[in-house]
Amino acid sequence: MDHFIYLVVSVPSGFYAVVGLVYLFWGWQLYRFTLTMAAALVGGVGTAIVAQTWGYPAFIPALVGGTVFALLAVPLQKVAVFILGGICGAGVGFISSSYFQSEAVFIFWALFGFLLLGGLAVRFFRPMVIVGTCITGAWSITHALAVFFRRLPPDASGMDMFAYPLSYVILFVCLFWLGVISQCWLSEEEVRPQPVPVGPPGRDGEQGQIGEEQS
25 MDHFIYLVVS VPSGFYAVVG LVYLFWGWQL YRFTLTMAAA LVGGVGTAIV
75 AQTWGYPAFI PALVGGTVFA LLAVPLQKVA VFILGGICGA GVGFISSSYF
125 QSEAVFIFWA LFGFLLLGGL AVRFFRPMVI VGTCITGAWS ITHALAVFFR
175 RLPPDASGMD MFAYPLSYVI LFVCLFWLGV ISQCWLSEEE VRPQPVPVGP
225 PGRDGEQGQI GEEQS
């Protein structure tokens, strides 16, 4: 976990800002890309932590795990969305871990959140992709600003959102809802039905004007 925290704090703030903007405003439109990148991150970090726990170097396992997860993300997208949704659910407990007095209670709620959000992510695919990418995007931008202005919370990684100054928490919430509204509007534009021409074909075999009156 120490190496994971070092990775989080060592990435330049500009990278977080760019990734955050993509996830926040185009998470659903580019969901194959965002899903693949998220799966690669989860696979890489997860295998790195396992390798470190067993006393092995983390780089090669992280590279292999990230590549495998990225390649399987789209073909097994339902499974990937369940896992990523579950991680978001467990992450709600993680980012507010300071409110739990007992480790057993924390583990229970993290597991509950994992199963609940994972199931909802599969059942409500598009809304959960939008929510998940907006959470990721809002956190990335907020974290980028905190790194740039040197306002990281005491836990160093910045994963505990409630440990940020109140202004950053408010910014996170505002960015999240801005992303949700933007992505919902863009996705509605994609599926909005186009008017179908009516009327008899013209001389060149083309449809007549929309709403053309027949004599």
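In this note's numbering, the protein residues as written are 25 to 239.
Idealized CB from N, CA, C, for every residue including glycine.
Assuming residue i contacts residue j under a Cβ cut-off of 8 Å, what Cβ separation, rounded to an integer in Å, is found between them?
| i | j | result |
| --- | --- | --- |
| I107 | G142 | 7 Å |
| T157 | T58 | 5 Å |
| L210 | A162 | In fact, because the Cβ distance is near 17 Å, the residues do not count as touching under 8 Å. |
| I154 | C112 | The pair is not a contact, with the Cβ atoms about 12 Å apart (cut-off 8 Å). |
Take residue i and list the residues in its own chain whose beta-carbon comes closer than 7 Å to its own, dropping the five residues that flank it on each side.
| i | result |
| --- | --- |
| L144 | G109, M152 |
| A82 | H27, A72, A75, Q76 |
| V43 | S164 |
| R150 | W52, S211 |
Express the C-alpha separation of residue j and residue i in angstroms, rounding to a whole number.
| i | j | result |
| --- | --- | --- |
| A104 | Y55 | 12 Å |
| L195 | F130 | 26 Å |
| A114 | L139 | 9 Å |
| W50 | Q101 | 18 Å |
| T166 | V193 | 8 Å |
| F93 | V66 | 8 Å |
| L202 | W52 | 14 Å |
| T91 | E212 | 33 Å |
| A134 | V98 | 26 Å |
| A64 | S126 | 32 Å |
| A276 | I205 | Residue 276 lies beyond the range of the chain shown here (25 to 239); nothing can be said about it. |
| Y80 | F148 | 39 Å |
| V146 | L96 | 16 Å |
| G89 | A62 | 12 Å |
| A180 | P189 | Note that A180 scores a pLDDT of 48, beneath 50, so its modelled location is shaky and nothing firm can be said. |
| S191 | F132 | 30 Å |
What is the DSSP secondary structure of residue i, reduced to helix, strand or coil?
| i | result |
| --- | --- |
| W133 | helix |
| P99 | coil |
| P81 | coil |
| L54 | coil |
| S126 | coil |
| F148 | coil |
| F138 | helix |
| S181 | With a pLDDT of 49 at S181, under the threshold of 50, the modelled position of this residue cannot be trusted, and the question is left open. |
| F173 | coil |
Using C-beta distances below 6 Å, list every residue in its chain close to residue i, excluding the 5 sequence neighbours before and after it, in chain order.
| i | result |
| --- | --- |
| V46 | none |
| L169 | none |
| T160 | Y47 |
| G68 | A86, G89, G90 |
Skipping 5 residues on each side, what residues in its chain have a beta carbon closer than 8 Å to that of residue i?
| i | result |
| --- | --- |
| P85 | T71, A72, V74, A75 |
| F172 | S37 |
| Y40 | S164, I165, H167, A168, V171 |
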